[in-house]
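Numbering that gives the first Met the number 0 puts the first residue of the sequence shown at 0, with every later residue one more than the last.
Before any comments, here is the structure.
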Amino acid sequence: MGATGPCPRPRPLRRCVAMTTRPFRILGLQQVAIGGPDKAPLRKLWVDVLGLEPHGTYRSERENVDEDIIVAGAGPFRVEVDLMQPVDPNGKPRVHDPALNHLGLWVDDLRAAVTWLEGQGVRFAPGGIRKGAAGFDVTFIHPKGNEQFPLGGEGVLIELVQAPPEVISAFDSFAKAAHKP
(Lines of atoms letter the chains of each structure in order from A; the text may use other names.)
(Lines give C-alpha, C1' and ligand atoms only; values in the text may rest on other atoms or scores of the structure.)
Protein backbone atom coordinates (compact mmCIF):
# COMPACT_ATOMS: atom_id res chain seq x y z
CA MET A 0 0.00 0.00 0.00
CA GLY A 1 1.22 3.44 -0.81
CA ALA A 2 0.97 6.41 1.50
CA THR A 3 -2.44 7.21 0.02
CA GLY A 4 -3.66 3.68 -0.66
CA PRO A 5 -2.77 0.71 -2.82
CA CYS A 6 -0.40 1.14 -5.73
CA PRO A 7 -2.28 1.62 -9.01
CA ARG A 8 -2.19 -1.06 -11.75
CA PRO A 9 -0.29 -0.74 -13.92
CA ARG A 10 1.81 0.83 -11.24
CA PRO A 11 4.70 3.25 -11.68
CA LEU A 12 7.06 0.95 -9.75
CA ARG A 13 9.70 3.42 -8.61
CA ARG A 14 7.15 5.92 -7.38
CA CYS A 15 5.10 3.20 -5.72
CA VAL A 16 8.09 1.79 -3.84
CA ALA A 17 9.15 5.27 -2.70
CA MET A 18 5.67 5.92 -1.24
CA THR A 19 5.65 2.92 1.09
CA THR A 20 7.09 1.81 4.38
CA ARG A 21 8.69 -1.62 4.15
CA PRO A 22 7.15 -3.79 6.95
CA PHE A 23 10.09 -6.23 7.10
CA ARG A 24 13.89 -6.37 7.09
CA ILE A 25 16.35 -8.53 5.20
CA LEU A 26 18.75 -9.68 7.94
CA GLY A 27 21.42 -11.46 5.93
CA LEU A 28 22.34 -14.47 3.85
CA GLN A 29 20.74 -17.71 5.04
CA GLN A 30 21.88 -20.08 2.29
CA VAL A 31 23.46 -20.63 -1.07
CA ALA A 32 22.17 -23.58 -3.10
CA ILE A 33 24.49 -25.16 -5.65
CA GLY A 34 23.37 -27.91 -8.00
CA GLY A 35 25.03 -30.47 -10.21
CA PRO A 36 24.01 -33.63 -12.04
CA ASP A 37 25.79 -35.55 -9.22
CA LYS A 38 26.38 -33.99 -5.80
CA ALA A 39 29.42 -36.21 -5.03
CA PRO A 40 31.95 -33.82 -6.68
CA LEU A 41 30.31 -30.89 -4.87
CA ARG A 42 30.63 -32.73 -1.54
CA LYS A 43 34.28 -33.54 -2.29
CA LEU A 44 35.04 -29.82 -2.71
CA TRP A 45 32.84 -28.27 -0.02
CA VAL A 46 33.20 -30.92 2.73
CA ASP A 47 36.41 -32.85 2.08
CA VAL A 48 38.57 -30.00 0.74
CA LEU A 49 37.07 -26.77 2.15
CA GLY A 50 36.05 -28.36 5.45
CA LEU A 51 32.42 -27.27 5.80
CA GLU A 52 30.43 -29.40 8.24
CA PRO A 53 27.63 -31.76 7.15
CA HIS A 54 24.37 -30.82 8.86
CA GLY A 55 21.64 -32.91 7.25
CA THR A 56 19.94 -34.08 4.09
CA TYR A 57 16.70 -33.32 2.32
CA ARG A 58 14.91 -35.20 -0.45
CA SER A 59 11.70 -34.23 -2.21
CA GLU A 60 10.27 -35.97 -5.26
CA ARG A 61 7.83 -33.06 -5.73
CA GLU A 62 10.68 -30.52 -5.79
CA ASN A 63 12.94 -32.94 -7.74
CA VAL A 64 15.79 -32.47 -5.27
CA ASP A 65 18.19 -34.66 -3.33
CA GLU A 66 20.45 -32.43 -1.26
CA ASP A 67 23.14 -32.48 1.37
CA ILE A 68 22.96 -29.54 3.77
CA ILE A 69 26.35 -28.34 4.98
CA VAL A 70 27.18 -25.26 7.04
CA ALA A 71 29.77 -22.51 7.39
CA GLY A 72 29.95 -20.39 10.52
CA ALA A 73 28.07 -20.84 13.77
CA GLY A 74 25.04 -19.69 15.71
CA PRO A 75 22.79 -17.07 14.17
CA PHE A 76 25.46 -16.27 11.57
CA ARG A 77 25.64 -19.80 10.22
CA VAL A 78 25.11 -20.02 6.47
CA GLU A 79 23.86 -23.18 4.77
CA VAL A 80 25.40 -24.40 1.56
CA ASP A 81 22.94 -26.80 -0.05
CA LEU A 82 24.55 -29.29 -2.44
CA MET A 83 21.79 -30.45 -4.78
CA GLN A 84 21.25 -33.02 -7.48
CA PRO A 85 17.99 -33.83 -9.25
CA VAL A 86 16.02 -36.91 -8.23
CA ASP A 87 15.10 -37.20 -11.93
CA PRO A 88 17.68 -35.57 -14.26
CA ASN A 89 14.95 -35.05 -16.88
CA GLY A 90 12.36 -33.75 -14.39
CA LYS A 91 11.50 -30.25 -13.22
CA PRO A 92 12.50 -28.12 -11.52
CA ARG A 93 16.02 -28.55 -12.86
CA VAL A 94 17.89 -28.00 -9.58
CA HIS A 95 21.25 -28.40 -11.29
CA ASP A 96 20.67 -25.88 -14.09
CA PRO A 97 21.95 -23.26 -13.50
CA ALA A 98 24.57 -24.56 -11.08
CA LEU A 99 24.03 -21.61 -8.71
CA ASN A 100 20.42 -22.55 -8.04
CA HIS A 101 19.30 -19.88 -5.59
CA LEU A 102 20.19 -17.56 -2.71
CA GLY A 103 18.29 -17.61 0.56
CA LEU A 104 17.80 -14.44 2.61
CA TRP A 105 16.74 -14.22 6.25
CA VAL A 106 13.59 -12.08 6.64
CA ASP A 107 12.23 -10.94 10.00
CA ASP A 108 8.54 -11.09 8.95
CA LEU A 109 7.97 -13.37 5.97
CA ARG A 110 4.20 -12.94 5.69
CA ALA A 111 4.44 -9.14 5.80
CA ALA A 112 7.26 -9.29 3.25
CA VAL A 113 5.20 -11.36 0.79
CA THR A 114 2.16 -9.12 1.10
CA TRP A 115 4.19 -5.94 0.68
CA LEU A 116 6.38 -7.27 -2.15
CA GLU A 117 3.36 -8.49 -4.13
CA GLY A 118 1.95 -4.98 -3.77
CA GLN A 119 5.16 -3.66 -5.29
CA GLY A 120 4.79 -5.94 -8.33
CA VAL A 121 7.13 -8.77 -7.26
CA ARG A 122 6.34 -12.16 -8.77
CA PHE A 123 6.54 -15.23 -6.54
CA ALA A 124 7.10 -18.81 -7.69
CA PRO A 125 4.17 -21.23 -7.26
CA GLY A 126 3.86 -22.97 -3.91
CA GLY A 127 3.35 -20.07 -1.52
CA ILE A 128 4.81 -20.06 1.97
CA ARG A 129 5.81 -23.55 3.09
CA LYS A 130 8.33 -25.41 5.26
CA GLY A 131 11.77 -25.51 3.65
CA ALA A 132 14.50 -28.14 3.88
CA ALA A 133 15.89 -26.62 7.10
CA GLY A 134 12.46 -26.49 8.75
CA PHE A 135 11.88 -22.73 8.39
CA ASP A 136 8.96 -21.17 6.52
CA VAL A 137 10.10 -20.14 3.03
CA THR A 138 8.86 -18.79 -0.27
CA PHE A 139 10.61 -17.93 -3.52
CA ILE A 140 10.79 -14.80 -5.67
CA HIS A 141 10.45 -15.99 -9.27
CA PRO A 142 13.53 -15.47 -11.47
CA LYS A 143 11.43 -13.60 -14.04
CA GLY A 144 8.65 -11.04 -13.84
CA ASN A 145 5.53 -11.20 -15.98
CA GLU A 146 2.81 -8.81 -17.09
CA GLN A 147 0.89 -8.96 -13.80
CA PHE A 148 3.98 -8.94 -11.55
CA PRO A 149 6.80 -7.27 -13.51
CA LEU A 150 9.55 -7.61 -10.88
CA GLY A 151 11.46 -10.87 -10.56
CA GLY A 152 14.97 -11.95 -9.66
CA GLU A 153 16.34 -11.03 -13.10
CA GLY A 154 17.37 -14.63 -13.70
CA VAL A 155 18.09 -15.51 -10.06
CA LEU A 156 15.72 -17.54 -7.87
CA ILE A 157 15.60 -15.82 -4.45
CA GLU A 158 14.38 -17.70 -1.39
CA LEU A 159 12.96 -15.66 1.48
CA VAL A 160 13.36 -17.51 4.78
CA GLN A 161 11.56 -16.65 8.03
CA ALA A 162 14.32 -15.91 10.52
CA PRO A 163 14.02 -17.60 13.92
CA PRO A 164 13.99 -15.39 17.04
CA GLU A 165 17.71 -15.93 17.77
CA VAL A 166 18.71 -14.60 14.32
CA ILE A 167 16.44 -11.56 14.70
CA SER A 168 17.81 -10.87 18.20
CA ALA A 169 21.44 -11.24 17.08
CA PHE A 170 20.81 -8.92 14.13
CA ASP A 171 19.20 -6.32 16.40
CA SER A 172 22.10 -6.53 18.91
CA PHE A 173 24.76 -6.08 16.24
CA ALA A 174 22.82 -3.33 14.48
CA LYS A 175 22.40 -1.46 17.78
CA ALA A 176 26.11 -1.83 18.63
CA ALA A 177 27.11 -0.63 15.15
CA HIS A 178 25.12 2.59 15.59
CA LYS A 179 26.54 3.58 18.99
CA PRO A 180 28.63 6.78 18.95
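Glycine included, each C-beta is placed from N, C-alpha and C at the ideal position.
Boundaries (first-last residue) of the beta strand (DSSP E) holding residue i
i, result
"alanine 32", "25–34"
"valine 137", "136–140"
"isoleucine 157", "156–161"
Beta-carbon spacing of residue i, residue j below 7 Å
i, j, result
"threonine 138", "isoleucine 128", "yes"
"proline 92", "asparagine 63", "yes"
"leucine 109", "glutamine 161", "yes"
"valine 80", "tryptophan 45", "yes"
"phenylalanine 173", "aspartate 107", "no"
"lysine 38", "leucine 99", "no"
"alanine 111", "tyrosine 57", "no"
Given residue i as reference, the closest of the options once Cα atoms are compared
i, options, result
"glycine 151", "Leu51, Lys143 and Lys179", "Lys143"
"glycine 103", "Pro40, Gln147 and Leu156", "Leu156"
"valine 94", "Ala71, Ile69, Arg61 and Ala112", "Arg61"
"isoleucine 69", "Gly27, Arg42, Leu99 and Leu159", "Arg42"
"glycine 72", "Met83, Pro88 and Gln30", "Gln30"
"serine 59", "Pro53, Gly50, Leu51 and Gln84", "Gln84"
Start-to-end residues for the alpha helix (DSSP H) that takes in residue i
i, result
"isoleucine 167", "164–177"
>> If contact is defined by three or more beta carbon pairs under 8 Å, each pair taking one atom from either stretch, is the stretch 33–44 in contact with the stretch 110–123?
In response: Contact fails: fewer than three Cβ-Cβ distances are below 8 Å.
> Which whole runs of the beta strand (DSSP E) in the stretch 40–113 are 3 residues long or more, in chain order?
Replying inline: 52–59, 64–71, 78–84 and 99–106
>> Can you confirm whether the stretch 70–84 touches the stretch 157–175 when touching is taken to mean that 3 or more C-beta pairs between the two stretches lie within less than 8 Å?
In response: yes
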